[in-house]
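In the working numbering, the protein residues as written are 5 to 126.
So the structure is just underneath, and the comments pick up after that.
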């Protein structure tokens, strides 16, 4: 199954942050300036529901949407689909494609250090 489109990822990011939300809650979170129309978000969430990216439940007349997959699950899907599960290829591509600030590189080094320590303890 192909992954979500850029617009779908944008909506998923909002739902990952909110946990769940109505069309209005998603819209208010992603475009508080009114730059996106209610019907646009509503239509996109319905499409995502049919595709299996989100699910909904009814509260009165309002549909409450929530993501089917967590952000970590989506990252894992992407890793396996694009990099055949090779985390080192993902990281190497990321490092060569983006100019990362020194603070980010420091954070990555710390994360690698913690992962090594965790593996040693196992």
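Glycine is no exception: its CB is placed at the ideal position from the N, C-alpha and C atoms.
Because the structure is a prediction, the values reported are computed rather than measured.
* To do: Check whether the Cβ of residue 116 sits closer than 7 Å to any heavy atom of the ligand HEM, and report yes or no.
  => Absent from the structure shown: the ligand HEM. Ligands present: none.
* Asked: By DSSP, does residue 63 sit in helix, in strand, or in coil?
  -> Numbered from its first residue, the chain shown carries residue 63 at position 59. Residue state, collapsed to three classes: strand.
* Asked: How many whole angstroms separate the CB atoms of residue 11 and residue 46, which I take to be in contact at a CB cut-off of 8 Å?
  -> As a working note, residue 11 is residue 7 in the chain shown. As a working note, residue 46 is residue 42 in the chain shown. No, residue 11 and residue 46 are not in contact; Cβ-Cβ is about 13 Å, not under 8 Å.
* Rounded distance between the beta-carbons of residue 72 and residue 81, thought under 8 Å -> As a position in the chain shown, residue 81 is number 77, starting the count at 1. As a position in the chain shown, residue 72 is number 68, starting the count at 1. About 11 Å separates the two Cβ atoms, so there is no contact after all.
* Asked: In the DSSP assignment, what residue or residues form a beta bridge with residue 58?
  -> Locating residue 58 in the chain shown gives position 54, counting from the first residue. When beta bridges are read from the DSSP output, residue 58 appears opposite 71.
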